[in-house]
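In what follows, a structure is listed as structure tokens, so that the remarks can point back to it.
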Amino acid sequence: MRAVVLGGAGFVGSHLVDRLLARGDEVVSVDNFLTGRRENAERRASRYTFVEHDICRPIPVIGPAQAVFNLASPASPLDYARLPLETLEVGALGTRNALDLSRMASAVLVQASTSEVYGDPLLHPQREDYFGNVNPVGPRACYDEAKRYGEALVSTFARVHRLPIRIARIFNTYGPRMRVDDGRVVPAFISQALRGQDFTVFGDGTQTRSFCYVDDLVSGLLLLLEKGDARPVNLGNPVEMTLVQFAEVVRRAVGKGGAVRSVRPLPENDPKQRQPDISRARALLGWEPQVRLEDGLRPTIEYFKRELGL
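Quick note, this note's numbering runs 67 ahead of the 1-based positions in the sequence shown.
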């Protein structure tokens, strides 16, 4: 298979590139390093090509392909707060260019969406038929609405042009290659524990999240390509816990860490509960996470030790 990975120097994208190469596929990785890292793009493989390019402009990848994975977007709250217009543009212009590329290459488009399309959900756990509770003008709207628009765009394009598409609604994912400073709870808590600091939370720490190891997510994306259809599919770990509980898991895994301390109120529109219903993924793909949180944290902690020079 020849696959194009847009956002291939990012956290999830770089792991997907590795898996595709490991199974013998040819890979073209595209990234402009807006939030991706150059070291994630470096490979020595004859079946690998890297193209530095902003996908908000037409994508210069020539020739047939069997799959285009659109993973290009800022994906952490700090990134899309710092780059709100860029986040909206890549969700709109970038997705349209990904669709045009897929059509020209006769490829299946796998669109990376997000649990953020559900906003601060009133339904728990979240099923794919839930329309969400999203503030279209709030501080998170640039990301939430970019992803919601992306789903609408690929679905409409598919109906008009008969393009095969897949939509992955990705829930909280963790693993090596996350940036230390990206603002999400996994790198924040691990870094704080390694330094022997308190775990800092917004609000009282009773908000919930569920954490899926990146290898499991990549398996889900590949199964979605192979077995999915045009319907959105939740990909995430249904095991839910509060941030206070997660801090304790990290404390045990690292062997140190302080108390859980609130540093400010919960940000506006920040989800209070986040848990996927993965019934569709189980039935359609035969997929569910295999890696226990404690097992996935071990390589993630070792990665952050190296990043922090500890």
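Glycine is no exception: its CB is placed at the ideal position from the N, C-alpha and C atoms.
Can you tell me whether Val156 is helix, strand or coil according to DSSP?
The question names Val, but residue 156 is Glu in the sequence shown. Helix, per DSSP.
Spatial neighbours of Arg384 within its chain, please: CB distance less than 6 Å, with the 5 preceding and 5 following residues excluded, ordered by chain position.
Past the edges of the chain, shown from 68 to 377, lies residue 384, and the structure says nothing about it.
How about the stretch 69-76 and the stretch 92-102: do they share at least three Cβ pairs that are nearer than 8 Å?
Contact holds: three or more Cβ-Cβ distances are below 8 Å.
Pair every Cβ in the stretch 179-187 with every Cβ in the stretch 107-123, then say whether three or more of these pairs are closer than 8 Å.
Counting Cβ pairs under 8 Å, fewer than three are found: no touch.
Between the C-alpha atoms of Leu168 and Met68, what's the straight-line distance to the nearest angstrom?
Taking the straight line from one Cα to the other gives about 16 Å.
Only counting the same chain, and skipping five residues up and downstream in sequence, which positions put a Cβ closer than 6 Å to that of Val306?
Ser277.
Assuming Phe266 contacts Gln274 under a Cβ cut-off of 8 Å, what Cβ separation, rounded to an integer in Å, is found between them?
Wrong, their Cβ atoms sit about 13 Å apart, outside the cutoff.
For the beta strand (DSSP E) containing Ser113, list its first residue and its last residue.
It is not in any beta strand (DSSP E) - Ser113 carries neither H nor E in the DSSP assignment.
Only counting the same chain, and skipping five residues up and downstream in sequence, which positions put a Cβ closer than 6 Å to that of Pro254?
So the list reads Met245, Val247, once near-sequence residues are dropped.
Taking just the CA atoms, how far does Phe224 sit from Leu230?
So the alpha carbons of these two residues sit roughly 7 Å apart.
Could you pull the DSSP bridge partners for Phe224 from this structure?
Partner(s): none; Phe224 has no beta bridge.
Does Gln340 pass the burial test, meaning 16 or more other C-beta atoms within 10 Å, or should it be called exposed?
Under this definition Gln340 is a buried residue.
Can you have a look at Gly324 and say buried or exposed, based on whether 16 or more other CB atoms are within 10 angstroms of its CB?
With 16 or more Cβ atoms within 10 Å of its Cβ, Gly324 is classed as buried.
According to DSSP, is Ser143 part of a helix, a strand, or is it coil?
It is coil, neither helix nor strand.
Give the list of continuous alpha helix (DSSP H) stretches no shorter than 4 residues that lie fully inside the stretch 228-308.
With a minimum length of 4 residues, the continuous alpha helix (DSSP H) runs that stay inside the stretch 228-308 are 252-261, 281-294.
State yes or no: is the C-beta of Tyr241 within less than 9 Å of the C-beta of Asp362?
Not a contact, by the Cβ cut-off of 9 Å.
What's the gap between the Cα of Leu288 and the Cα of Val177?
Distance between the alpha carbons of Leu288 and Val177: 8 Å.
Short of 8 Å in beta carbon distance, which residues of its chain neighbour Val321, apart from the five on each side in sequence? Order them along the chain.
Ile257, Ala260, Leu261, Ile368.
Whose CA, out of Arg373, Leu189, Arg194, lies closest to the CA of Asn200?
Nearest C-alpha to Asn200: Leu189.
Starting from Gln312 and walking both ways along the alpha helix (DSSP H), at which residues does that stretch end?
Gln312 -> alpha helix (DSSP H) spans 310-321.
Which value, in whole angstroms, describes the spacing of the CA atoms of Arg194 and Val300?
So the two alpha carbons sit approximately 9 Å from each other.
What first and last residue would you give for the beta strand (DSSP E) that runs through Asn137?
Start and end: 134-137.
According to the neighbour-count rule (16 or more other Cβ atoms, all chains shown, within 10 Å of its Cβ), is Val227 buried or exposed?
So Val227 ends up on the exposed side.
Taking Val358 as the reference, give the member of Gln342, Leu284, Leu292 with the closest Cα.
The shortest C-alpha separation from Val358 is found at Leu284.
For Phe136, is the classification buried or exposed, using 16 other Cβ atoms within 10 angstroms of its Cβ as the cut-off for buried?
Label assigned to Phe136: buried.
Would you mind working out which of Pro243, Arg163, Asp344, Val311 sits nearest Tyr370, comparing C-alpha positions?
Residue Pro243 is the option with its Cα nearest to Tyr370.
With 16 other CB atoms within 10 Å as the buried threshold, where does Gly376 fall?
Answer is exposed; the Cβ neighbour count stays below 16.
Tell me whether Thr181 sits in a helix, a strand or coil according to DSSP, three-state version.
Reduced to three states, the DSSP call for Thr181 is strand.
Between Leu290 and Trp354, is the Cβ-Cβ spacing less than 9 Å?
The answer is yes: Cβ separation under 9 Å.
Measure from the alpha carbon of Val157 to the alpha carbon of each residue in Ala172, Val175, His120, then state which is nearest.
Of the listed residues, the one whose Cα sits closest to Val157 is His120.
Give the single residue among Val252, Tyr216, Ala219, Leu145 whose Cα lies nearest to the Cα of Pro206.
Residue Leu145 is the option with its Cα nearest to Pro206.
Just list the residues that DSSP pairs Phe117 with in beta bridges.
Ser96.
If I measure Cβ to Cβ from Asn99 and keep anything under 7 Å in the same chain, skipping five residues before and after, which residues do I get?
Taken in chain order, the residues that qualify are Glu119, His120, Asp121.
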